[in-house]
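Those letters in the sequence shown? Residues 1 to 276, by UniProt numbering.
C-beta: ideal position from N, C-alpha, C; glycine also.
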Amino acid sequence: MADGNVVKMSPFKVGGGLIAAILVVLVAVVLGTQSFTIISAGHSGVVLQLGAVQPKVLQEGLHFKIPFIQTVIPMEVRVQKSEMSQTSASRDLQTVSTTIAVNHHLDAEHVNKLYQQVGLEYASRIVDPAIAEALKAVTAQYTAEELISKRSEVSTKVKEALRVKLSTYNIILDEINIREFTFSDEFNRAIESKQVAEQQALKSKLDLERIKIEKEQEITKAQAQAEALRLQKQEVTPELIQLRQIEAQLEAIRKWDGKLPNVTGGATPFIQVENK
């Protein structure tokens, strides 16, 4: 004041200014926090602008967004596991219960399309039905016994069918594992009976083959003996007989000690001695 009078400030004006300042700070803080978003590791961010899905997908890290206009929905893109048991029918109309585990993950560059088409419930809406459909389609191509003996082939076909179905929604299939095939008790008993019959048939076949081999061996041995006798018979000639007789006489003379045999009666000695 120029004339010495003191100008007093109204307490209402002072209080109002403080409140306004506090409000400004609060608005600034809120705007600051709403202007940025952090995408965690193993996730991608779907940007919604006034509810509309935007073409840009946010990857891991810190990102700017328009406060109150844009919203970011994080979606996990790491490998996820789905496991289920499914009952289906084989080609020979046997009931087959299959336990399967499926590893899959979302395409990190196209999670916005999946969110737009399906939403966050893609596991129950897409993955599980696709697994069930692929299993039913493939198991119907094989008999119950083939599902066991050709398990690797069945697994490959299920994986390919499932890969095609999931890729439509930008879900990438990593691996599947068919843990077991379970059949009805009647079928299991039939399989067991068949295996027993096959084992008995195999044993009978082996016994027949053994008997056949032994018989062939006996025939071969008899034929060899007959052939040997035939050859021996062919070699016996009158000249050979005469030669053997001469050889026997020579051997007897060689062994004779010069003494006449003692004859007590009956026959005459084979050597005659003349008196002169």
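Here G42 is near R78, since their CB atoms are less than 8 Å apart.
For E180, DSSP records a beta bridge to T99. Q86 and I100 do touch by the CB rule: their CB atoms are close to 7 Å apart, below 8 Å. For P55, the enclosing beta strand (DSSP E) begins and ends at 52 to 58. For D174, the closest C-alpha among the options L120, S184, E76, E160 is that of E160. Distance from the Cα of E186 is smallest, within the candidate group I19, Q94, Q34, for Q94. Straight through space, the alpha carbons of Q59 and Y115 are spaced by roughly 15 Å.
Spanning the alpha carbons of I19 and R125 requires a straight line of approximately 51 Å. The Cβ-Cβ distance between V102 and I176 falls below 8 Å.
Around the Cβ of L243, a 10 Å sphere holds fewer than 16 other Cβ atoms; the residue is exposed.
Separation of the CB atoms of A140 and A89 is rounded to 6 Å, and the pair is thereby assigned contact status at 8 Å. Look at T156 here: in three-state DSSP terms it is helix.
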